[in-house]
Structure formats: structure tokens, C-alpha cells
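**Student:** Position 151, counted from 1, in the sequence shown is what UniProt numbering calls 151; the numbers after and before it change by one each time, with no gaps.
Pasting in a structure now, in C-alpha cells, and then I'll have a few things to ask.
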Amino acid sequence: MKDEDVLYWMLKQPDLYNDLRERYEYFRRLDRAVIGRKIHAQPGIRWALDLLPDSPLEAITVIRSYLRIHDEMLAEGRADGLEDAIEIIDAYYINSDSRDNLEALFSLSPREFEILISNLYRMMGYKVLLTAPQRDGGRDIVAERSKLGEKQRVLIECKQYSGTVKVDIARALLGVVATERANGGILVTTGRCSKGVRDLAKSDDRLDFVDGDKLGLLLNQHFGTEWRRRLVRLSTHNPRSNLSADELSGGQ
1 MKDEDVLYWM LKQPDLYNDL RERYEYFRRL DRAVIGRKIH AQPGIRWALD
51 LLPDSPLEAI TVIRSYLRIH DEMLAEGRAD GLEDAIEIID AYYINSDSRD
101 NLEALFSLSP REFEILISNL YRMMGYKVLL TAPQRDGGRD IVAERSKLGE
151 KQRVLIECKQ YSGTVKVDIA RALLGVVATE RANGGILVTT GRCSKGVRDL
201 AKSDDRLDFV DGDKLGLLLN QHFGTEWRRR LVRLSTHNPR SNLSADELSG
251 GQ
């Protein structure tokens, strides 16, 4: 439906029109858009492009939210154009081949890799704490976020491997999860996870894993496909933890 048709229909129902004008920006702009022709009725969305190339997932979220609110009032073809924009962003900025970028991760020290992963999970909505360096069998990152009103606390183990992560590492992580009474553990690696790790994750819902392929996708989603050019900053800049000491210990 065109803006002119919407305005013509609304003017026949002034009480409803006034109510909608109080609730929605679209209806507050409608008469000026149709009569004055100086503005568009729908608020602009082009600013979402400023989130590219570094935050493609945020750009997609903005456009999808815009579509959800304005879909029924968008001019013909505009909704289709925005759906096309989402597909282009997804294909070009998220799902492009990330194997060359993953190779760059092996230039990092183990600590720099841990910092990178902590910044990734921070971008994913977690409050994170990068723990002190320790021997294998611990947890490198403590991460918390609220989901459906319930606080979730997970322990993240980072493995900068080119080969396969064996199941004993996953079992050790679950041991720490049990000791610290966390909700779960996530094994993050640049390599692959063995069948033993995958089977354990299927049988124990406290365990999850991110292998090299998924890690590349997550880095693309939250940092854009050009994250490699920002790798020095992403792997060395570690903002002060936003977890308290009580939160770090699980409130025990």
C-alpha cells in the first residue's frame, strides 16, 4: 500500500489516526511525507550501513527489527529490497571463505588468542573475565549473561591447535565446571574436535564446542570479514573485567 493510500484511509478515521500518531513515528510523518514531499514517511535505515564492515550481524539485526516494525507500511518493493540487503550482507560479510583469516590466528601467542576470544564473547553479549595464565586443565575465560531472566555462567577453554582436540581436554573442562558449579563449559579451538569430544557434547548438555569452521563464522559475524586487519587490537586490547569477584566465584 502506498503512503497516499494509507493517508486517505486514515483521514476517514480521525480518532484512530490521532491514536496511531501518538504511538508510531510513521504516522507522525505521514501527512508531511504525502503533502509536503520533503521527508519519507518511514524513518531512514541507511545508517545501518555504517555498521559495515566491522559489525555485520548488528547491521542485519537492525534491518530485521526495522522490517518487523514497518513491514505492513512499507512501499511496494521496499521490504523486498531490505530482505535482499540482508542476504547480501550475510553472503559478503559473514559467510565468505574465512580459511585464510583463520591462518592468521596462528601468528598470535596463546595469551593473545585468549584475549581475542574474550573480546568475541563480549561482543556476543557476555560479561567476561580473562583469568590469569595457568597450565592446561583450567579455564581461560569466565563468561556470564542473562537469558530469559536466568543468569548463565560458562567457563571457556581456548585451544590454539592446528590438529584435533582430544576428549580428555573436554573431560577436564567438565571437571572444572562441576567444581565451580558453572552452568557449562565451551571448548574453543582453531582446529577440529575429535569424535570423542562431539559425542561427549551430545551426551552432556553442559559441554559445547566451537571448532575452527564455527570460530571463523563467529568472528565474521561479530567483527566482519575484515577482522584480520584489526587483529592486533582485537588480540591485545583487554578491557577491565566487568565481573565482580563474587560473580567470578559463582556467588559461593
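Virtual Cβ for every residue (Gly too), placed ideally from N, Cα, C.
What you are looking at is a predicted structure, and each value in this text was computed from that prediction instead of being measured.
Are the segment 189 to 204 and the segment 81 to 90 touching by the rule of at least three beta carbon pairs closer than 8 Å?
**Tutor:** Contact check between the segment 189 to 204 and the segment 81 to 90: fewer than three CB pairs, one atom from each, fall below 8 Å, which does not count as touching.
**Student:** For P133 and G77, I'd like the C-alpha separation in whole angstroms.
**Tutor:** Taking the sequence shown and counting its residues from 1, the one referred to as residue 133 is at position 133. Taking the sequence shown and counting its residues from 1, the one referred to as residue 77 is at position 77. Answer to the nearest angstrom: the Cα atoms are 54 Å apart.
**Student:** Counting only the same chain and skipping the five closest in sequence on each side, list residues whose C-beta sits under 7 Å from that of A182.
**Tutor:** For the purposes of this step, residue 182 is taken as the residue at position 182 of the sequence shown. Cβ neighbours of A182 beyond the five flanking positions: R153, V154, L155, G250.
**Student:** Which stretch, first to last residue, makes up the beta strand (DSSP E) that contains N45?
**Tutor:** What you label residue 45 is simply residue 45 of the sequence shown in a count that begins at 1. Per the sequence shown, residue 45 should be read as Ile rather than Asn. I45 -> no beta strand (DSSP E), and no H or E assigned at all.
**Student:** With three or more beta-carbon pairs closer than 8 Å as the criterion, would you say the segment 103 to 111 touches the segment 54 to 72?
**Tutor:** no
**Student:** Where in the segment 166 to 219 do unbroken runs of the alpha helix (DSSP H), each at least 4 residues long, occur, reported from the N-terminal end onward?
**Tutor:** Complete alpha helix (DSSP H) runs here, min 4: 167 to 180, 195 to 203.
**Student:** Since S235 is in the beta strand (DSSP E), which residue starts that stretch and which ends it?
**Tutor:** Position 235 of the sequence shown, counted from the start, is the residue given in the question as residue 235. S235 -> no beta strand (DSSP E), and no H or E assigned at all.
**Student:** Does the beta-carbon distance from D140 to E114 come in below 8 Å?
**Tutor:** Reading the sequence shown from its first residue, position 140 is the one you call residue 140. Reading the sequence shown from its first residue, position 114 is the one you call residue 114. Yes; because the gap between Cβ atoms is below 8 Å, this pair is in contact.
**Student:** Tell me E157's beta-bridge partners as DSSP assigns them.
**Tutor:** By one-based count along the sequence shown, residue 157 stands at place 157. Note: E157 sits in a beta bridge opposite L187.
**Student:** Measure the alpha-carbon distance for D50 versus S235 and round it to whole angstroms.
**Tutor:** As a working note, residue 50 is residue 50 in the sequence shown. As a working note, residue 235 is residue 235 in the sequence shown. Their Cα atoms are separated by approximately 23 Å.
**Student:** Please report how far the alpha carbon of A41 lies from the alpha carbon of C158, in whole angstroms.
**Tutor:** Taking the sequence shown and counting its residues from 1, the one referred to as residue 41 is at position 41. Taking the sequence shown and counting its residues from 1, the one referred to as residue 158 is at position 158. Unreliable positioning characterises A41 in this predicted model, as indicated by a pLDDT of 49, which lies under 50. The coordinate reading is nonetheless provided below. For A41 and C158, the distance between alpha carbons rounds to 49 Å.
**Student:** Quick one: Cα of P110 to Cα of I117, how far?
**Tutor:** Taking the sequence shown and counting its residues from 1, one reaches residue 110 at position 110. Taking the sequence shown and counting its residues from 1, one reaches residue 117 at position 117. P110 and I117 have their alpha carbons spaced roughly 11 Å apart.
**Student:** Would S55 and G224 be called neighbours here (beta carbons separated by less than 8 Å)?
**Tutor:** One-based indexing of the sequence shown puts residue 55 at position 55. One-based indexing of the sequence shown puts residue 224 at position 224. Yes.
**Student:** Return helix, strand or coil for E144, following the three-state DSSP convention.
**Tutor:** As a working mapping, residue 144 is identified with position 144 in the sequence shown. Note: E144 maps to strand in three-state DSSP.
**Student:** Have a look at K166 and L20 and give me their C-alpha separation to the nearest angstrom.
**Tutor:** Start at 1 with the first residue of the sequence shown, and residue 166 comes out as number 166. Start at 1 with the first residue of the sequence shown, and residue 20 comes out as number 20. Cα-Cα distance, rounded: 59 Å.
**Student:** My output table needs one value for Q152: the three-state DSSP class, helix, strand or coil.
**Tutor:** Your numbering for residue 152 matches position 152 in the sequence shown. Three-state DSSP puts Q152 in a strand.
**Student:** Excluding the 5 residues preceding and the 5 following residue 258 in the sequence, name in chain order all residues of the same chain whose CB lies nearer than 8 Å to its CB.
**Tutor:** Here the chain comprises residues numbered 1 to 252, so residue 258 is not present and cannot be evaluated.
**Student:** Within the chosen definition, does the segment 187 to 194 reach the segment 205 to 222 through at least 3 CB pairs nearer than 8 Å?
**Tutor:** yes
**Student:** What residues are listed by DSSP as bridge partners for T164?
**Tutor:** The residue you call residue 164 lines up with position 164 of the sequence shown. R192, per the DSSP bridge assignment.
**Student:** I need the DSSP call for P14, collapsed to helix, strand or coil.
**Tutor:** If you number the sequence shown from 1, residue 14 lands on position 14. Of the three classes helix, strand and coil, the one that applies to P14 here is helix, per DSSP.
**Student:** Taking the alpha-carbon positions, what's the N95 to I86 distance?
**Tutor:** On the sequence shown, position 95 is the one that residue 95 refers to. On the sequence shown, position 86 is the one that residue 86 refers to. Cα to Cα, N95 sits roughly 12 Å from I86.
**Student:** What would DSSP say about A41, mapped onto helix, strand or coil?
**Tutor:** Along the sequence shown, one-based indexing puts residue 41 at 41. Unreliable placement is indicated for A41, whose pLDDT of 49 sits below 50; no coordinate value is reported for it.
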